[in-house]
Amino acid sequence: MADSVIQRNVPFQWHYEYGLILKAIEGVWQKTRHAKYFAYIMASITPFIDAQGNITTYTIEEYNLDQVRPGAALFPLYRVTGDERYKKAAGLIREQLRGHPRTSEKGFWHKKIYPYQMWLDGIYMASPFYAEYGKTFDEPENFDDVAHQIILVEKHTRDPQTGLLYHAWDESKQQRWANPETGCSPHFWSRAIGWYAMAIVDVLDDLPADHPRRDQIIAIFARMVPALAKVQDQPTGLWYQVLDQGHRAGNYLEASGSCMFVYAIAKAVRMGYLAPEYREVARKAFRGILGNLIEIDERGLVNLTRTCGGAGLGGNPYRDGSYEYYIGEKIVTNDYKGVGPFILASLEMETI
């Protein structure tokens, strides 16, 4: 799949899904040490970094967590090349987080244009970068804030009955999609929880072993996965677009969330965050992905089908977070939000 990505040669953009695919390609490079994968990362990122370390299509004043995600690719480039431009560019993104708007409990707003809102997506967009920056450039104070974001969003989005997490939470409770009592959006979207699950297992790579909230974060993950296992489709091992509504007309088994769960669960088993019996949850799902979602075309390229092209809340036109909204979004093939996690899941499945 990584070779198929390179062969398709889609022009890079400073956008979170392109940052995700570079994370996956970095994983392949770390595994194989083949120079072509590192070269792909460098060729994708470097044209966006000018001589002073500015990012040409990035605007800090937007205060958009999605724009943090591609910055994670700067770390391997800096470590390997020592080029100060990459360090300066990473520092620019770090400055965004210093000034980023927050809720009253110091949770990052998802975007400046989405005030008072924390989305599960945003934890993956910012927290792994934030933690790796702290480790790479000796900012240990970052780790407390990283842990706080993970714990705070679970506090506000977790449903005690199912153990699943709602897509987002509006502190102001003013959005039309927000429950007037809890502030939560109305449904459990698979990819939203997938973003959050991947964020946890990646942040734990950089969070110090003796950090006082590390065990709390692992406990959050460990109580979330049994809830996911309960809504796993038994015939295929996959997960539905709206996780707990598999019986409803229009719902479908969705690729990106399924791939994200395989990656996060398999990595957590390997790292000892989950009991070994959850290995079979990941294996069953991965078999389902290979059997139901992967196609090889006439050129020999690998294709991942049935990915939700995009979903969010609010905005213009307004997205109301209803069941009909989530199942009505476009279903696409080879979306990087699915392809990236598929590559990451494949790497993990080779180890367990």
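The opening residue of the sequence shown carries number 3 in this note's numbering; numbering runs sequentially from there. No residue lacks a Cβ here, since even glycine has one placed at the ideal position from N, Cα and C. In this text the structure is predicted, and so the values were computed from the model without any measurement.
### Query
Taking three-plus beta-carbon pairs below 8 Å as touching, is the segment 204-224 in contact with the segment 301-310?
With fewer than three CB-CB distances shorter than 8 Å, the segment 204-224 does not count as touching the segment 301-310.
#### Entry: Neighbour-count burial assignment, Asn-56, 16 or more Cβ in a 10 Å radius
It counts as exposed.
#### Entry: Helix, strand or coil at Ala-170 [DSSP, three-state]
Secondary structure of Ala-170 (DSSP, three-state): strand.
### Task
Going by DSSP, name the residue or residues bridged to Cys-310.
For Cys-310, which the question treats as bridged, DSSP gives the partners Ile-333.
### Task
Indicate whether the contact test is met: 3 or more Cβ pairs, each with one atom in the segment 134-141 and one in the segment 185-198, closer than 8 Å.
Three or more Cβ pairs closer than 8 Å define a contact, and the segment 134-141 falls short of that threshold against the segment 185-198.
### Message
Could you compute how far the alpha carbon of Ala-284 sits from the alpha carbon of Pro-117?
### Response
Roughly 36 Å separates the two Cα atoms.
### Message
Between the segment 72-92 and the segment 142-153, can you find at least three pairs of beta-carbon atoms closer than 8 Å?
### Response
Touching, no.
### Query
Do Asn-66 and Lys-113 have their CB atoms nearer than 7 Å?
In contact: Asn-66 and Lys-113 (Cβ atoms closer than 7 Å).
### Task
Can you give me the Cβ contacts of Tyr-327 inside the same chain, cut-off strictly under 8 Å, excluding the 5 residues immediately before and after it?
These residues qualify, in order along the chain: Ala-313 and Arg-321.
### Query
Roughly how many angstroms lie between the CA atoms of Asp-161 and Asp-204, to the nearest whole one?
So the two alpha carbons sit approximately 24 Å from each other.
### Task
Name the two residues that bound the continuous alpha helix (DSSP H) containing Glu-297.
From DSSP, Glu-297 is part of no alpha helix (DSSP H) but of the beta strand (DSSP E) over 296-298.
### Task
Taking only the alpha-carbon atoms, compute the straight-line gap between Asp-147 and Arg-215 and give it to the nearest angstrom.
Their backbone Cα atoms lie some 11 Å apart in a straight line.
#### Entry: Host alpha helix (DSSP H) of Gln-9 (start-end)
Here the alpha helix (DSSP H) through Gln-9 covers 4-10.
### Task
Go through the segment 68-154 residue by residue and report every complete run of the alpha helix (DSSP H) that reaches 4 residues or more, in order.
The qualifying runs are 76-83, 86-101 and 122-138.
### Message
If contacts are defined as beta-carbon pairs under 8 Å, then Ser-348 and Met-3 qualify, I think. What distance do you get, rounded to the angstrom?
### Response
Going by Cβ atoms, the distance from Ser-348 to Met-3 rounds to 7 Å, so yes, they are a contact pair.
### Message
Considering Cα atoms alone, identify which of Tyr-338, Gly-340, Gly-323 and Met-351 is closest to His-169.
### Response
Measuring from the Cα of His-169, the nearest candidate turns out to be Gly-323.
### Distance between Phe-131 and Lys-339 (C-alpha atoms, nearest Å)
CA-CA distance, Lys-339 to Phe-131, rounds to 17 Å.
### Message
I'd like to know if the segment 231-241 and the segment 173-180 are in contact, where contact means that at least 3 CB-CB pairs between them fall below 8 Å.
### Response
No, the segment 231-241 does not touch the segment 173-180.
### Query
Are Ala-75 and Gly-165 touching if we call contact CB-CB under 7 Å?
Contact flag unset, no.
### Query
Taking all protein chains shown into account, do 16 or more other C-beta atoms lie within 10 angstroms of the C-beta of Asn-11, making it buried, or fewer, making it exposed?
Taking a 10 Å sphere around the C-beta of Asn-11, we find fewer than 16 other C-beta atoms and assign the residue as exposed.
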